[in-house]
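Sequential numbering from 1 applies to the sequence shown in the UniProt record's numbering.
For glycine and all other residues, C-beta sits at the position ideal for the given N, C-alpha and C.
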Amino acid sequence: MILDKDKRQIILDTETTGLYANAAENPDRLIEFAGLEMMNRQLTGRNLHLLIHPQREISEEATAVHNITLSQLVDKPIFAQVAQQIFDFIKGAELIIHNAKFDVGFLNAEFARVGLPNVETICEITDTLEMAKNLYHGQKNSLDALCNRLGVDRSKRVFHGALIDCELLSEVYLGMTRGQFSLMADWEDEDENSEINQIVVQHTFQRTGSLKVVLANEDELAAHEAILADLDKTVGGSCIYHADLIDGKSNEPLSEPEPEDDDSDEDEPENI
């Protein structure tokens, strides 16, 4: 199958004390981490959600966004106490993040403080903001805007929060990538011993670029021949496709007719 059922993805989001993870003095810190595991386009229920004491104040501007205050984090662990837990949870996964540069930047800064490697060295990163920019040119592509565009209910989201944002992002991601998987949907729903999958197994696949060409087997060619014979009877002669088969040309590749000689001075394109 084209899809890798064992591929592990994590929908990830963070909240912070501010915007500047790498400030020379008093850099901003993580205060919330959320990751939702997804496999085969289904949330598995294996999640990691942590509140973290930042060891510094939280800016008023940040609190206005996520509604988290320092008093709520008094009894929470500092990042050094949960760093390995986060590292082990995300290691080897594809991270699905909206505006990944921000979250990955903060995680890298936090990992560096405890001697752990950068996220990019242990994970594949997919930025849904970049995906959205490619899909919806010239439109707003905030998480709220994408929810509205894709019909994702965000009524429970009053403030930004890592956990609720992950839940919304999981639906947005599935919505934006649905077309990539729709051709495989019926195969995924079929039992592996069903007729359609048995047919697929019997065929020889040839790679042409990124596409797979399914060749007819002998039984299918015979059935096709019978249909053409019936058409011959109906029209009182040989239809054009059957004429090719009779002439022994059925296995020749289709090609464009050669262009007639032309006196035009225009250059022909290299590829058609």
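Exercise. Below 8 Å, can you find three or more Cβ-Cβ pairs linking the segment 40-60 to the segment 120-139?
Worked result: no
For this session: Below 8 Å on the Cβ atoms is my guess for I68 versus I78; work out the distance and round it to an integer in Å.
Result: I68 to I78, Cβ: 15 Å. No contact.
For this session: Return the first residue and the last residue of the alpha helix (DSSP H) that E58 is part of.
Result: The amino acid at residue 58 is misidentified as Glu; the sequence shows Ile. No alpha helix (DSSP H) holds I58; DSSP gives it neither H nor E.
For this session: Can you grab the Cα-Cα spacing for the pair N22 / L107, in whole Å?
Result: Distance from the CA atom of N22 to the CA atom of L107, rounded to whole angstroms, is 11 Å.
Problem set entry | DSSP state of F79 mapped onto helix, strand, coil | helix
Problem set entry | Buried versus exposed, by CB contacts within 10 Å (16 or more), V82 | buried
For this session: Measuring alpha carbon to alpha carbon, tell me which of A100, L231, P54 and T17 ends up nearest E61.
Result: T17
Exercise. What is the DSSP secondary structure of F106, counted as helix, strand or coil?
Worked result: helix
For this session: With DSSP collapsed to three states, give me the class of A93.
Result: coil
For this session: Say yes only if the C-beta of L135 is nearer than 7 Å to one or more non-hydrogen atoms of the ligand MG, and no if none qualify.
Result: As far as ligands go, the structure on display features none, and thus does not contain the ligand MG.
Problem set entry | Environment of S71 [buried if 16+ CB atoms lie within 10 Å] | The residue in question, S71, is exposed, as its Cβ has fewer than 16 Cβ neighbours within 10 Å.
Exercise. Is it true that the CB of L129 sits closer than 8 Å to the CB of H160?
Worked result: Taking 8 Å as the Cβ cut-off, H160 and L129 do not qualify as a contacting pair.
Exercise. Candidates L231, A222 and C123: which alpha carbon is nearest I10's?
Worked result: C123
Problem set entry | Q85, DSSP secondary structure in three states | If DSSP states are grouped into helix, strand and coil, Q85 belongs with the helices.
Exercise. Going by DSSP, which residues form a beta bridge with F33?
Worked result: T14 and L50
Exercise. When the Cα atoms are used, what is the spatial distance from S155 to Q84?
Worked result: 34 Å
Problem set entry | Counterpart residues of D232 in DSSP-defined beta bridges | In the DSSP output, where bridge partners are listed per residue, D232 has none listed.
For this session: Select from E167, V104, M131 and I227 the residue whose C-alpha is nearest the C-alpha of E120.
Result: V104
Exercise. What residue from N148, R157, D13 and H53 has the CA that sits closest to G175's CA?
Worked result: N148
Problem set entry | Per-residue burial, L54 [other beta carbons within 10 Å of its own, 16 or more giving buried] | The sequence given here places Pro at residue 54; Leu does not occur at that position. Flag for P54 reads buried.
Exercise. For D13, which residues from the same chain have a beta carbon less than 6 Å from its beta carbon, with the 5 sequence-adjacent residues on both sides left out?
Worked result: By the criterion of a C-beta distance shorter than 6 Å, D13 is surrounded in its chain by A34, A162, D165 and C166, once the five residues flanking it on both sides are discounted.
For this session: Check each candidate in L95, R113 and R46 and name the one with the smallest Cα separation from L30.
Result: Residue R113 is the option with its Cα nearest to L30.
Exercise. So, is S142 buried or exposed, given that buried needs 16 or more other C-beta atoms within 10 angstroms?
Worked result: That one is exposed.
Exercise. Apart from the five residues on each side of it in sequence, which residues of its chain come closer than 7 Å, Cβ to Cβ, to A109?
Worked result: A21, N22 and P27
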